[in-house]
Amino acid sequence: MNETIKLIQDHRSIRSFLDKDVDDAVIDEILRSAQAMPNSINGQQTSVIVIKDKDTKKKIAEYTGNQTWIENAPVFLLFLIDFYKTKLAAEKNGLTQAIHESVEGTMVGTFDAGLQMGAAIISAESLGLGIVPIGGVRKNPAELIELLKLPEYTYPAVGLALGYPKDHSHKKPRLPFDTFKHEEVYHTSGLLESMEQYDKDMEDYLKEIGREQEGNWSKFTSSIYQSIYYPEVYPTMKKQKFLNDK
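In terms of our numbering, the numbers along the sequence shown are unbroken and rise by one, the last being 329.
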C-alpha cells in the first residue's frame, strides 16, 4: 500500500482547528487539484467560492445549523453547481440551454462537485490540513444564496471547512466492506447481518466519543431519513432555475 492510499484510508473529519492562517498559495494548489478532476462532457459546470471573512463564516455557521467549526476554521470552501457559465456559453452561440431544468443536470452538477471536493480533501490532508464536509449549506439555502450573491443557474452543493487540525479526532468505523462491494450484481443476502455487526461497532464508537445518545447507525440514520431534513432545497432550486421536471 502506498502513502497516498494510506492517507485516504486514514481520513477522519476535523472540527477543531488551530488559529493559523492557510496561505493563498496552498488554497490554490488544493483547488487546482479539484479543478483537474473529470467532469461531464468537459462542461465544467461547477465553481468554488473561497471564504475567509470572519463575519461571513459566522453567518454561514448560523445558516447551517450553528456549526461553529465553520466560523472557527480559517477557510471555508463552497462547491457550487454552476450552469450560469454554460448558459453564457449557450447565449454566445445563439443557443438556448435546457440541461439545468432536468434531473440529469442536477445529477451532473452534484456528481462533478463531489468529485472535486474529494480531490480537495485528499490534497488538503496530504498537506497536513484537516477538513470537515458541510452538507448543511442546504439547510437555509435562500439565505446563503443572498449572502454570497449567487446568480440564477447556480446552487450550493456542499461546503468544506478547512484548516490546521487542533487534534487528530477519532476515526469513524464504516459498514463492513461486503455491504459496499458487490460482485457482478447487487447482493441483498447478508446485508442485515452485516448491519447488525456494524450497529454494535457504532455503539462502541459513540460511547467512546461521548455520543451514545445517538444509539447506533441504523437507529440514527433511520430517524433522520423519516423526513426530508432540508425541505428548502427543492423550492430554492426552482427559484435558481433548476426545475427538475425533465
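Quick reminder that beta carbons are idealized off the backbone N, C-alpha and C, glycines included. Being a predicted model, the structure only gives us computed values, none of them experimental.
- Counting along the chain, the unbroken beta strand (DSSP E) around Ala244 starts and ends at Thr237 to Gly246.
- By the 16-neighbour rule on beta-carbons within 10 angstroms, Ser206 is buried.
- It is roughly 23 Å from the alpha-carbon of Asp284 to the alpha-carbon of Pro216.
- The three-state reading of DSSP puts Leu160 in strand, counting E and B together.
- DSSP places Pro216 within a strand segment (E or B) once states are collapsed to three.
- When Cβ pairs closer than 8 Å are counted between the two stretches, the region 129-139 is seen not to touch the region 216-228, the count staying below three.
- Sequence-distant partners of Ile91 (beyond 5 residues in either direction) whose C-beta falls short of 7 Å from its own C-beta, in its chain, are Ile205.
- Around the Cβ of Tyr146, a 10 Å sphere holds 16 or more other Cβ atoms; the residue is buried.
- Per DSSP, reduced to three states, the secondary structure at Ile132 is strand.
- In this structure, Val191 is the residue among Val191, Glu187 and Thr87 with its C-alpha nearest to the C-alpha of Asn125.
- Less than 8 Å separates the beta-carbon of Ser277 from that of Asp261.
- Lys302 and Asp104 have their C-alpha atoms some 39 Å from each other.
- Secondary structure of Phe303 (DSSP, three-state): helix.
- Phe325 carries a coil assignment under DSSP once its states are collapsed to helix, strand and coil.
- Per DSSP, the unbroken alpha helix (DSSP H) holding Phe194 starts and ends at Val186 to Ser209.
- The three-state reading of DSSP puts Asp284 in helix, counting H, G and I together.
- Between the alpha carbons of Leu230 and Val158 lies a distance of about 17 Å.
- Counting the other Cβ atoms within 10 Å of the Cβ of Lys140 gives 16 or more, which makes it buried.
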